[in-house]
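Encoded as structure tokens, the structure appears first; notes follow it.
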Amino acid sequence: TQLLEQSPQFLSIQEGENLTVYCNSSSVFSSLQWYRQEPGEGPVLLVTVVTGGEVKKLKRLTFQFGDARKDSSLHITAAQPGDTGLYLCAGYNFNKFYFGSGTKLNVKP
Amino acid sequence: GAVVSQHPSWVICKSGTSVKIECRSLDFQATTMFWYRQFPKQSLMLMATSNEGSKATYEQGVEKDKFLINHASLTLSTLTVTSAHPEDSSFYICSARQQGHTQYFGPGTRLTVL
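Have a look at this one:
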């Protein structure tokens, strides 16, 4: 089993604050995805990172893949209430996706 | 973007009955489909990997005789929960992979077993 640990598990912040979510593993992954999930819905893909050290930006979201492809981070600038949700990272290896434990983000107006 | 549908979106059944959940890729052919289950406030747990025309590969601890998976075409996979019991109540989510490292998720099916 290739475990991915996310931290923090829960995060409650005020609108306008910045935050970073971490996704760590002892395993090397071919790629890593970040998803956001709303209650009662399936996860929605935010980004896929493939190359070690890769940085991708999606508006106020910045994703980074670690140099060794074992970890990743998601940074949100000036969080908004619409960013509230469950953030999941998933590593890909051997035709499978291994999900992290999830980070529940609540952005208060 | 790629669209994956699931049917039904929710189902309530009596203990001992079987329930079938369908997963369809609507605008692409999926070489592989995955089935996950998710308990409240938890992450997704991979149950099985399904490749078209071949037997599904189940994760450790998942009973293949209880969770029957059929991937008859490149756009359809089904999960049948046989002899369902209350502990099988969960949110079941499928995903489809066209190629490469990207999977697209269905909206999920909420199963409640009474």
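Those protein sequence lines, which keep their order, are chains B and C. Under our numbering, the first residue of the first sequence carries the number 76, and numbering increases by one thereafter. Under our numbering, the first residue of the second sequence carries the number -12, and numbering increases by one thereafter. Don't be surprised by glycine CBs; every beta carbon is placed ideally from N, CA and C.
Kindly indicate if chain B contains any beta-carbon less than 7 Å away from that of residue i.
i	result
Thr89(C)	yes
Pro94(C)	yes
Leu31(C)	yes
Ile56(C)	no
Ile(-1)(C)	no
Ile80(C)	yes
Would DSSP call residue i helix, strand or coil?
i	result
Asp146(B)	strand
Gly160(B)	strand
Does residue i have its Cβ less than 7 Å from a Cβ in chain C?
i	result
Phe85(B)	no
Tyr97(B)	no
Thr123(B)	yes
Gly177(B)	yes
Gly117(B)	yes
Tyr162(B)	no
Phe174(B)	yes
Ser106(B)	yes
Quick check on the DSSP output: the beta strand (DSSP E) that includes residue i runs from which residue to which?
i	result
Leu13(C)	Per DSSP, Leu13(C) belongs to no beta strand (DSSP E) and is neither H nor E.
Lys183(B)	178 to 183
Glu80(B)	80 to 82
Val96(B)	94 to 99
Thr89(C)	That residue, Thr89(C), is in no beta strand (DSSP E); it is neither H nor E in DSSP.
Val122(B)	119 to 124
With DSSP as the reference, identify every bridge partner of residue i, one or two as the case may be.
i	result
Phe78(C)	Gln25(C), Arg97(C)
His(-6)(C)	Glu9(C)
Leu133(B)	Leu136(B)
Gly166(B)	Leu107(B), Tyr173(B)
Leu55(C)	Thr67(C)
Ser60(C)	Leu63(C)
Met20(C)	Ser37(C), Ala83(C)
Gln89(B)	Lys183(B)
Thr4(C)	DSSP, once it has assigned bridges, lists no residue as partnering Thr4(C).
Considering only heavy atoms of the ligand GTP, does any lie closer than 6 Å to the CB of residue i?
i	result
Val130(B)	With respect to small molecules bound, the structure shown includes none, and the ligand GTP cannot be examined in it.
The segment 129 to 144 of chain B touching the segment 102 to 115 of chain B, judged by at least three CB pairs closer than 8 Å: Because the criterion of three Cβ pairs below 8 Å is met, the segment 129 to 144 of chain B and the segment 102 to 115 of chain B touch.
At least 3 beta-carbon pairs within less than 8 Å: the segment 64 to 74 of chain C vs the segment 1 to 15 of chain C: Yes: at least three Cβ pairs fall under 8 Å.
Any 3 or more C-beta pairs closer than 8 Å across the segment 144 to 152 of chain B and the segment 83 to 99 of chain B: A contact exists between the segment 144 to 152 of chain B and the segment 83 to 99 of chain B.
Cβ pair count under 8 Å reaching 3, the segment 162 to 175 of chain B against the segment -12 to 3 of chain C: Contact between the segment 162 to 175 of chain B and the segment -12 to 3 of chain C is absent, because fewer than three Cβ pairs lie under 8 Å.
Meets three-Cβ-pair contact criterion under 8 Å: the segment 154 to 165 of chain B and the segment 68 to 79 of chain C: The segment 154 to 165 of chain B is not in contact with the segment 68 to 79 of chain C.
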